[in-house]
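Engineer: I am attaching a structure below and will ask some questions about it afterwards.
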Amino acid sequence: MNVITTSGLSRVYNPDTIPVYALKEVDLAITAGEFTAIVGPSGSGKTTLLNIIGGLDKPSNGQVIVGGTDIGALTDNQLIQFRRDHIGFVFQAYNLIPVLTAMENVEFVMLLQNQPVQLRAARAKELLASVGLADQANKRPSEMSGGQQQRVAVARALASKPSFVLADEPTANLDAASTTQLLDIMAQLNEEEGITFVFSTHDQRVISRAKRVVTLEDGQIVRDEIR
Amino acid sequence: MISTLAWRNIWRSPTRSWVIIGAIMLGIWALVFMLSFTVGMVQSYVDNSIENGIGHLQVHNADYRQEAKVQYYFSTDVLPLAQWKTDERLQGVAVRTLVQAMAGSSRATRGVVIKGVDPLGESQATPLSRQIVEGEYLDANKKNCLIISKTLAGKLKVKLRSKIVLTFQDLEGHITAGAFRIVGIFDTGNKAIDEGNVFVNRLDINALLGNSAMAHEVSFLLKDITTLPAMKAALTAQLPELAVEDYKEVAPDLQLYEGQIQTSANIFMVIIMLALLFGIINTMLMAVLERYRELGMLMAVGMNKARVFGMILIETLLLAMIALIPGLLLGWGTVAWLSTTGIDLSAFSGGLSQFGMSTVVYPKLQAALYLQFAMAVCLTAILGAIYPAWKAIRLKPVEAMRKI
Chain A
956 MNVITTSGLS RVYNPDTIPV YALKEVDLAI TAGEFTAIVG PSGSGKTTLL
1006 NIIGGLDKPS NGQVIVGGTD IGALTDNQLI QFRRDHIGFV FQAYNLIPVL
1056 TAMENVEFVM LLQNQPVQLR AARAKELLAS VGLADQANKR PSEMSGGQQQ
1106 RVAVARALAS KPSFVLADEP TANLDAASTT QLLDIMAQLN EEEGITFVFS
1156 THDQRVISRA KRVVTLEDGQ IVRDEIR
Chain B
981 MISTLAWRNI WRSPTRSWVI IGAIMLGIWA LVFMLSFTVG MVQSYVDNSI
1031 ENGIGHLQVH NADYRQEAKV QYYFSTDVLP LAQWKTDERL QGVAVRTLVQ
1081 AMAGSSRATR GVVIKGVDPL GESQATPLSR QIVEGEYLDA NKKNCLIISK
1131 TLAGKLKVKL RSKIVLTFQD LEGHITAGAF RIVGIFDTGN KAIDEGNVFV
1181 NRLDINALLG NSAMAHEVSF LLKDITTLPA MKAALTAQLP ELAVEDYKEV
1231 APDLQLYEGQ IQTSANIFMV IIMLALLFGI INTMLMAVLE RYRELGMLMA
1281 VGMNKARVFG MILIETLLLA MIALIPGLLL GWGTVAWLST TGIDLSAFSG
1331 GLSQFGMSTV VYPKLQAALY LQFAMAVCLT AILGAIYPAW KAIRLKPVEA
1381 MRKI
């Protein structure tokens, strides 16, 4: 079953002056349980593609269907709610809330979903344990290493039980050991719990762990390799 | 957790937060102090005017209020004086005969109002008997004695035991005169009263006017001002032929001054709240712009615009609340302290006494105004939060974060 389907997806900047195509007629289907890397050189359109799939940006042409919903047809507020309930995000710069503890950061998205306190706390504990940070629950981001923060970000991304997780260069700021640890956790979550991951990356260590590698160049898919 | 988040956000930049908290506190304190001082000044003016002769209620011949002619008197036979003596609501009742006159000494003359009073009644209704600084107060048993203020005595170049000739028209319109000896010199501290009045026994002046049972005015000093409406109604019923007026009707300037309190409160509030408003907007705008990327992330992961707006609003209200309570307490404490010790303005006493005010002002403030200030601060905080919060909800997550 397709979790994400894009058809004829284009994104043009400055359409009225000097048009710059970030994406050109991209057709992509991602099925549930995939562990997909979007790769390509800088400026190839990886981030634009993830932004549009994640409902953070709108395409100039084409359609994005996520779990049967055409997200291009949603209003701003509907889109925010859609992202909250269906998409998990992992950002390159972790982007945790600095004044909240690891536990509270994970709970936060569930709070936005109006889930009851006890349920939130139990699930946050469980998720932190699954990323190996049960003992760091009460630490704030500033008291944790980059690798630990990114693992908290993964736990946060999973908190709302999303249809899939989008990760934009999740290992770009991490050292080798933290990268390996994070990839192990993501791969384990993918294999054991069937969570769909789509991530953009330059990192060969990440690419080597992906089950599917989609290569973009100049806004177009030039290769789509399933391993 | 949104409230927790808002609370912790405030303390991300403690110095900045303390600066705005301090500014709001100072603003509230200044507002309370300035207004309590104004209320104290106004109250001092009103109280002095009431105590120094106007009283809470006055009775006149209706025509006398239109034109203060000596012929517009009423007969004291209609006054239920015995009943008033036993009325628990009354502090004092002063019956007066009032005559425009020329006061002449051997060296100068001045235009004055002769107040013919009953010494005992006047001493119960006004502080005149306690304001004698030289000599003695009027004695009902001594004929043709007079008390004069220190200021007027200086202008007429007279002293204790000097003789003064009072010249005026009698009830028939004939010029008449009487010689009076100064038995006491008083000082009310109110230049208008001191320079314009001399006091004599009412029966002495009535004899010169030609009617022993006449008076122009009765002034009532109440023990408790809250009994004023009931007392006024009772007097109106007792004296249907006479005009019964309260102090606001007798002296409209007092009503004007009292009315100024709320106007002053509003003006002070608007000025201070405007200053605070810009301070709050500046602080919250900085807080929002600093967290632009984070706010983008919050919206990316599903925090809707209403919640973002609410979070900024809560942060602003929390800042205001932190300042509001100690600010009000500080203001209340200052007023409580100064309302017993007073603020000594004797350096400006000349000017103040000309306006009928005391040289020591006792600030005071009605409880309702504290509530108004609290509401004004909350309203200012809400107004101050609107622009920064609007700025926050207008951001596009993808632009705020540059990329996911």
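Heads up: the protein sequence lines correspond to chains A and B, in order.
Count the first sequence with the working numbering and you get residues 956 to 1182, in order.
Count the second sequence with the working numbering and you get residues 981 to 1384, in order.
Glycine residues also receive a C-beta, built at the ideal position from the N, C-alpha and C atoms.
Indicate whether B:L1188 and B:T1156 have their beta-carbon atoms separated by less than 8 Å.
Structural biologist: Yes, Cβ-Cβ distance for B:L1188 and B:T1156 is below 8 Å.
Engineer: With distances taken from CA atoms, which of B:L1222, B:Q1240, B:F1248 and B:E1116 is nearest B:I1009?
Structural biologist: The displayed chain sequence assigns Trp, not Ile, to residue 1009 of chain B. Out of B:L1222, B:Q1240, B:F1248 and B:E1116, B:F1248 has the C-alpha closest to the C-alpha of B:W1009.
Engineer: Does any C-beta atom of chain A lie closer than 8 Å to the C-beta of B:R996?
Structural biologist: No, because no Cβ of chain A sits closer than 8 Å to the Cβ of B:R996.
Engineer: Quick check on the DSSP output: the beta strand (DSSP E) that includes B:Q1051 runs from which residue to which?
Structural biologist: Premise fails: B:Q1051 is in no beta strand (DSSP E) and is neither H nor E.
Engineer: Under 9 Å between beta-carbons, which chain A residues line up against B:P1232? List them in chain order, please.
Structural biologist: Residues of chain A passing the Cβ test: none, with the nearest at roughly 59 Å.
Engineer: Is it right to say B:L1269 is buried, meaning 16 or more other beta carbons lie within 10 angstroms of its own, or is it exposed?
Structural biologist: Looking at its Cβ environment, which holds fewer than 16 other Cβ atoms inside 10 Å, B:L1269 is exposed.
Engineer: How would you list, in chain order, the residues of chain A whose beta-carbon sits under 8 Å from the beta-carbon of B:E1274?
Structural biologist: Residues of chain A passing the Cβ test: N1050, I1052 and P1053.
Engineer: Against chain A, does B:V1268 count as a neighbour if the rule is that its beta carbon must be under 8 Å from one of theirs?
Structural biologist: Not closer than 8 Å to any Cβ of chain A, the Cβ of B:V1268 fails to qualify, so no.
Engineer: When the Cα atoms are used, what is the spatial distance from A:V958 to A:L1113?
Structural biologist: So the two alpha carbons sit approximately 16 Å from each other.
Engineer: For B:Y1237, which residues of its own chain have a beta-carbon under 7 Å away from its beta-carbon, when the five flanking residues on both sides are left out?
Structural biologist: Contacts found: V1022, Y1025 and V1026.
Engineer: To test your reading of the DSSP string, which unbroken beta strand (DSSP E) runs of 3 or more residues are found completely within the stretch 1214 to 1289 of chain B?
Structural biologist: Counting only runs of 3 or more, we get 1223 to 1226.
Engineer: So with Cβ pairs under 8 Å, would you call B:M981 a contact of chain A?
Structural biologist: Cβ-Cβ to chain A under 8 Å: yes for B:M981.
Engineer: Is DSSP giving B:M1194 helix, strand or coil here?
Structural biologist: Of the three classes helix, strand and coil, the one that applies to B:M1194 here is strand, per DSSP.
Engineer: Looking at C-alpha atoms only, which residue of B:K1139, B:K1123 and B:L1140 is the closest neighbour of B:G1158?
Structural biologist: That would be B:K1123, whose Cα lies nearest to the Cα of B:G1158.
Engineer: What residues of chain A sit near B:K1285, judged by a beta carbon separation below 7 Å?
Structural biologist: Neighbours of B:K1285 on chain A, chain order: N1032.
Engineer: Whole-angstrom Cβ separation of A:A992 and A:F1154, contact assumed at under 8 Å?
Structural biologist: The pair is a contact, with the Cβ atoms about 6 Å apart (cut-off 8 Å).
Engineer: Between A:R1164 and chain B, is there a C-beta pair that is closer than 8 Å?
Structural biologist: By this cut-off, A:R1164 is not an interface position.
Engineer: Going by DSSP, what residue range makes up the alpha helix (DSSP H) through B:Q1071?
Structural biologist: Run containing B:Q1071: none in the alpha helix (DSSP H); it sits in the beta strand (DSSP E), L1070 to G1084.
Engineer: In the DSSP assignment, what residue or residues form a beta bridge with A:Q1159?
Structural biologist: DSSP lists no partner for A:Q1159.
Engineer: Alpha helix (DSSP H) containing B:G1176: first to last residue?
Structural biologist: Segment K1171 to G1176, the alpha helix (DSSP H) holding B:G1176.
Engineer: Inspect the CB distances between the stretch 1162 to 1174 of chain A and the stretch 994 to 1005 of chain A and report whether three or more fall short of 8 Å.
Structural biologist: With a cut-off of 8 Å, the stretch 994 to 1005 of chain A and the stretch 1162 to 1174 of chain A count as touching, because enough Cβ pairs lie within range.
Engineer: Just the C-alpha distance for B:D1150 and B:F1200, rounded to the nearest angstrom, thanks.
Structural biologist: Roughly 27 Å between the two C-alpha positions.
Engineer: Out of A:A977, A:Q1105 and A:V967, point me to the one whose CA is closest to A:L1129's CA.
Structural biologist: Among A:A977, A:Q1105 and A:V967, the Cα nearest to that of A:L1129 belongs to A:Q1105.
Engineer: Do we get a CB-CB distance below 8 Å when we pair A:L964 with the residues of chain B?
Structural biologist: Answer no: the Cβ-Cβ gap between A:L964 and chain B never drops below 8 Å.
Engineer: Below 9 Å on C-beta distance, what does B:R992 contact in chain A?
Structural biologist: P1053 and V1054, listed in chain order.
Engineer: Can you name the start and end residues of the beta strand (DSSP E) that A:A984 belongs to?
Structural biologist: Residues V975 to T986.
Engineer: Taking 8 Å as the threshold (C-beta atoms), are B:V1113 and B:D1167 in contact?
Structural biologist: Cβ atoms of B:D1167 and B:V1113: closer than 8 Å.
Engineer: When the distance is taken between beta carbons, is A:L1004 closer than 8 Å to A:V1021?
Structural biologist: No, Cβ-Cβ distance for A:V1021 and A:L1004 is not below 8 Å.
Engineer: With a 10 Å radius around its C-beta and 16 neighbouring C-beta atoms as the bar for buried, classify B:I1384 as buried or exposed.
Structural biologist: Reliability fails at B:I1384, whose pLDDT of 44 lies under 50, so the model's placement of it is uncertain and no value is given.
Engineer: Within 10 Å of its beta-carbon, does A:Q1047 have 16 or more other beta-carbons around it, so buried, or fewer, so exposed?
Structural biologist: A:Q1047 is buried by the Cβ-count criterion.
Engineer: Is the CB-CB distance between B:I1292 and B:A1365 below 8 Å?
Structural biologist: Taking 8 Å as the Cβ cut-off, B:I1292 and B:A1365 qualify as a contacting pair.
Engineer: Helix, strand or coil: which one does DSSP assign to B:T1156?
Structural biologist: Of the three classes helix, strand and coil, the one that applies to B:T1156 here is strand, per DSSP.
Engineer: Tell me which same chain residues have a C-beta within less than 8 Å of the C-beta of B:L1061, skipping the five on either side of it?
Structural biologist: Closer than 8 Å at the Cβ level, and outside the excluded window around B:L1061, lie V1073 and V1075.
Engineer: Would you kindly work out how many angstroms separate the C-alpha atoms of B:D1347 and B:Q1063, rounded to a whole number?
Structural biologist: Checking the sequence, you will find Ala at residue 1347 of chain B rather than Asp. Rounded to whole angstroms, B:A1347 to B:Q1063 spans 37 Å at the Cα level.
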